[in-house]
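Here's the structure we're looking at; comments come further down.
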Amino acid sequence: MDEFDLGVPTQILESLPDEDDAARRDMQRAVAGLEARLNEGVSAADDEREATQTVVGALERLEDQLEQYDEFVPELRAWGQSPIYAIAWRNLQADLIMQIQEVGWVAERIDQERNYRTVENGIRLRDR
1 MDEFDLGVPT
11 QILESLPDED
21 DAARRDMQRA
31 VAGLEARLNE
41 GVSAADDERE
51 ATQTVVGALE
61 RLEDQLEQYD
71 EFVPELRAWG
81 QSPIYAIAWR
91 NLQADLIMQI
101 QEVGWVAERI
111 DQERNYRTVE
121 NGIRLRDR
């Protein structure tokens, strides 16, 4: 299985205020940590299904974080605050989801694992 090689897109880093190098470093550390956890989880997995479960779990967390940051944007605007950081983090989450899904073996197995999870949660596709 291919390893993950994630990064922070340049356009997201450039969207941050020029004087805020700490935010850039925070993003890069967060992405490096996610990459390390994914690679460790996949290499420690006993089989492909367990590796896929690790990846889908990470994707679901990224999707949740994307929604949270997206909710912050109008709230910050309503309070007269700049939403630039919330927008940058939201966009980073979306880009990371795309980067993970582009890994060949992951793309083939994501839908199957999500369908397994739907059924395991007691939701049947015919119930929709």
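Position 82 of the sequence shown, counted from 1, bears residue number 82 in the UniProt record's numbering, the numbering being contiguous throughout. Every residue, glycine too, gets a C-beta built ideally from N, C-alpha and C.
N- and C-terminal bounds of the alpha helix (DSSP H) containing residue i
i	result
residue 131	Limits of the chain in this structure are 1 at one end and 128 at the other, which puts residue 131 out of reach.
Gly80	No alpha helix (DSSP H) contains Gly80, which DSSP labels as neither H nor E.
Gln14	The residue asked about is misnamed: residue 14 is Glu in this sequence, not Gln. From DSSP, the alpha helix (DSSP H) with Glu14 extends over Thr10 to Ser15.
Leu92	Ile84 to Gln101
Burial state of residue i (16 or more Cβ within 10 Å)
i	result
Arg37	exposed
Arg61	exposed
Met98	exposed
Trp89	buried
Ala86	buried
Ala58	buried
Proximity test, residue i beta-carbon vs the ligand MG heavy atom, cut-off 7 Å
i	result
Leu59	Absence of the ligand MG from the depicted structure is noted, as is the absence of any ligand whatsoever, leaving it without description.
Simplified DSSP assignment, three categories, for residue i
i	result
Phe72	helix
Asp64	helix
Phe4	coil
Span separating the alpha-carbon of residue i from that of residue j
i	j	result
Ala51	Asp95	21 Å
Val102	Gly7	Checking the sequence shown, residue 102 turns out to be Glu, not Val. C-alpha separation (whole angstroms): 13 Å.
Ile12	Arg49	33 Å
Gly104	Ser43	16 Å
Glu67	Ala78	18 Å
Glu35	Val55	11 Å
Gln28	Glu63	19 Å
Gln81	Asp46	47 Å
Ala32	Gln112	27 Å
Thr10	Glu108	28 Å
Gln65	Pro83	15 Å
Glu14	Gly41	31 Å
query = Are the segment 20-36 and the segment 63-78 in contact at 8 Å, needing three or more beta carbon pairs?
reply = They do not touch, by the three-pair rule.
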